[in-house]
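In our numbering, the protein residues as written are 69 to 140.
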């Protein structure tokens, strides 16, 4: 989980903004990656909290598909 634009851009060697990539899954050498908003962005803009929450729920579902025993 890449929390914020800087983390995503560095991991993906990309210049895309977080608004266009949040909630989407990417692949880095076989490792799934999802980008979402940085926690400090949520403090500055309460409107980002709902999309960030939806991202986290999607991330959990994807994680459990990859590793069903993770919740244990």
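Virtual Cβ for every residue (Gly too), placed ideally from N, Cα, C. These numbers come from a predicted model, not from an experiment.
Starting from the C-beta of residue i, find all residues in its chain whose C-beta is less than 6 Å away, skip the five residues before and the five after it, and write them out in chain order.
i, result
"residue 72", "106"
Go through its chain and collect everything with a Cβ distance to residue i's Cβ below 8 Å, but skip five positions before and after it.
i, result
"residue 94", "80, 100, 101, 102 and 103"
"residue 113", "none"
Shortest alpha-carbon distance to residue i belongs to which of the options?
i, options, result
"residue 90", "127, 137 and 138", "127"
"residue 119", "77, 86 and 134", "86"
Does DSSP put residue i in a helix, in a strand, or in coil?
i, result
"residue 106", "coil"
"residue 69", "coil"
"residue 78", "helix"
"residue 97", "coil"
Tell me which same chain residues have a C-beta within less than 7 Å of the C-beta of residue i, skipping the five on either side of it?
i, result
"residue 117", "110"
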